[in-house]
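Chains as they are written, first to last, in our numbering: chain A, 397 to 804; chain B, 397 to 804.
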């Protein structure tokens, strides 16, 4: 059961982007598992990829193609059901073969295709099924098909994820729309599982690179479901320039800040949607650490709490077992932490002050706070001015069931 | 259901140590929850404690007393049901009050008592119940009561844990016996939840300090159930000197090495017993990393695999989803790892060679290996001569159930 309201569809169309979906039978028949995004000529593309050393073959190929032709990308090709990771030299050949086939069908260069795969790791990609589904997906290309595409990239997700913003640049309204998939193996390290965001603004490549980097750091890089960084994470930002708005040539252009804000909001909404639909999630949890000496130690504390199995099972049980939060703070490796000054709040309930149970705290108040579907864990380190926020879920029976049964 | 055979009781008695147990009703009535170990005068004591910044009050008091009188410790006082952690100044007073009462009953100095608590964090210690149980425990003191004491320190453990070794020093046989508790919040950082090991050898304090440090690093500090380091971890090593064997005055004495080996074996057997009885455990898993550049990176890889929820749920499902192992290796932060050289074995089945699925690997062979109750995950980094081994469990429905229901 996902937490909170689903994403609102339809998304606003982005001029210069069309999306097509097919059932290619990659892992199971009759399931939308192949998505193509067609980009207008002249679109610029920026991306962040996983830092997992075992990055998947499509990640390696996408990096290579993007480096060769960042202004020449015409297709994003996405399959689910198979991650094409841990597949060695054959995996690279398979990813290239898929790009070649789509390039041939679309009459573009092989480097104009960026491939993305998600699903089971370590099994050979069924290339003929991927290529066999391409004509159906190309025939379906439609500027309005964002919801179908959001469904087409799902694996264990229970609902499609999308977000849109509009922003005025000069006299022209431009659109930012994006879709993402998540559900498990989520602790992005540069980007999340898969997210595709597009705008019809016209943006110079260095500006676009900066926007995607900062937007990802402030959104997908602040979430965790299980602390496992995927081999296939990628977040792509496309700027088609087809809205007819004035070009954003420099990061100093005030329009750059406006657009960046819209992109950041779309990414944050997608990142939080991933958490709300995390495997087995019954809670949406914000861990906000404040008054730390620096951002890095605040992040360490936030992640130690957000990834503690004991905190997560207490959240699942709606049990205000705040001692587990305190224990996680204590092991996060903050040098010289004065535990006698630390404060912890659950929503508006002060549970710990000066490192021990607050005198006014009652178990009933704690239970009321923990019973909510959306919970803020606010941790005050009382030693500086830095802060960090991380979003996460609880750890439920369904998380174990989903991941124990994943391949069966 | 714990994995493998239970500990063998009775343990060999240690001359100079008597143990007494009582039902003090600390959390629930009718449960053995108070244990006293009485040490002969002149015993020497060495210990390692948790590095969690929020260490419990009894840990702080035990550290203080041990520093004041390492050669004058006469009682170890252990209660379950309440950890006396996150209890601030009152917790310190409560821990001291318990020591004072036992010191008074035993006619020793307050510093001669080391207190230990385990159980729920953040609730005040019911001091009167602890002190109220002391006469019963003192009346029960018996050199043969190791099994009762091992039961008395259990919390969510399903069975008592103990181990013994004998070793000849000069012409005299000395004994090393120990007990431990574990079950959850287990990723020791200097020591595990609670372990008490005693020998009747006579050992100089610096030699004893060195032995406990190395024995803990090679045993309790190599296990993880859920990656959560407890606020109350402690491992105590007692040397009563009552066997009548020649004193071990220096680390260069060959007898020091003999004794250290016996202590290490007892600690390792106890550490592995904790894993075998880990919360919800259905598998006993050894993660052995070899051919790394240094010990630290081997440990990082071993812990990344051992603590990955996705690897652990696959182990629970007996699913040879080795892609998850590979993904965990990839995100462990090994600088410059050549993924194309990495090898992974499950028991005797080679699953990954040169970074991809081994040509001879079959799913049937993988499934056979994963179906075993005891599983070796051997990871070859192919870049050096260092190694590290970590022991862990799977992540089962019962882990979630136990920890969601812990306080109810």
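The C-beta atom is built at its ideal place from N, Cα and C for all residues, glycine as well.
DSSP three-state assignment for residue 513(A), whether helix, strand or coil: strand
Residue span of the beta strand (DSSP E) that contains residue 687(A), given as start and end: 680 to 688
Simplified DSSP state of residue 527(B), which is helix, strand or coil: helix
Chain-ordered residues of the segment 452 to 481 of chain B with a beta carbon less than 8 angstroms from chain A: 479 and 481
With 16 other Cβ atoms within 10 Å as the buried cut-off, status of residue 416(B): buried
Proximity test, residue 590(B) beta-carbon vs the ligand MN heavy atom, cut-off 8 angstroms: Looking at this structure, you won't find the ligand MN or any other ligand, since it has none at all.
Proximal residues, the segment 601 to 621 of chain B versus chain A, C-beta separation under 7 angstroms: none
Short Cβ contact (9 angstroms threshold) for residue 559(A) with residue 666(A): yes
Residues from the segment 751 to 767 of chain B in contact with chain A, defined by Cβ distance under 7 angstroms: 751, 752 and 753
Cutoff 9 angstroms: residue 787(B) Cβ touching any chain A Cβ: no
Listed by chain order, chain A residues near residue 735(B) by CB distance under 8 angstroms: 449 and 450
Alpha carbon of residue 426(B) to alpha carbon of residue 403(B), nearest angstrom: 24 angstroms
Other residues of its chain near residue 572(A): CB distance less than 6 angstroms, five sequence neighbours each side excluded: 561, 595, 658, 659 and 662
Short-range partners of chain A found in the segment 683 to 705 of chain B, where Cβ spacing is below 7 angstroms: 704 and 705
Under 9 angstroms between C-beta atoms of residue 739(A) and residue 733(A): no
Candidates 751(A), 780(A) and 398(A): closest to residue 557(A) by CA position: 398(A)
Short Cβ contact (9 angstroms threshold) for residue 751(B) with residue 736(B): yes
Among 785(B), 509(B), 418(B) and 492(B), the one whose alpha carbon lies nearest that of residue 632(B): 509(B)
Neighbour flag for residue 742(A) against chain B, beta carbons, 9 angstroms: no
Euclidean distance between Cα positions of residue 696(B) and residue 730(A): 19 angstroms
Residue 588(B), DSSP secondary structure in three states: Unreliable positioning characterises residue 588(B) in this predicted model, as indicated by a pLDDT of 47, which lies under 50. A coordinate reading is not provided.
Residues of its chain near residue 465(B), where Cβ-Cβ distance is below 8 angstroms and the 5 sequence neighbours each way are ignored: 505, 507 and 508
Distance, residue 724(B) Cα to residue 799(B) Cα: 25 angstroms
Three-state secondary structure (DSSP) of residue 753(B): strand
Beta-bridge partners of residue 478(B), as assigned by DSSP: 514(B) and 516(B)
Rounded straight-line distance, which links the Cα of residue 613(A) to that of residue 486(B): 42 angstroms
Rounded C-alpha distance that separates residue 807(A) from residue 777(A): Examination of residue 807(A) is not possible in this model, given that chain A is present from 397 through 804 alone.
Residues that residue 801(B) contacts on chain A, provided the C-beta gap is smaller than 8 angstroms: 713
Simplified DSSP assignment, three categories, for residue 776(B): strand
Integer-rounded CB distance, given that residue 756(A) should sit under 8 angstroms from residue 746(A): 7 angstroms
Span separating the alpha-carbon of residue 806(A) from that of residue 524(A): Residue numbering for chain A in the displayed model covers 397 to 804; residue 806(A) lies beyond these limits and cannot be assessed.
Residue 621(B) vs residue 671(B) beta-carbon contact at 9 angstroms: yes
Any chain B beta carbon closer than 9 angstroms to residue 483(A): yes
Residue 625(B): contacting residues in chain A (beta-carbon distance under 7 angstroms): 727
Opposing strand residues paired with residue 644(A) [DSSP bridges]: 599(A)
Residue 698(A) beta carbon less than 9 angstroms from that of residue 784(A): yes
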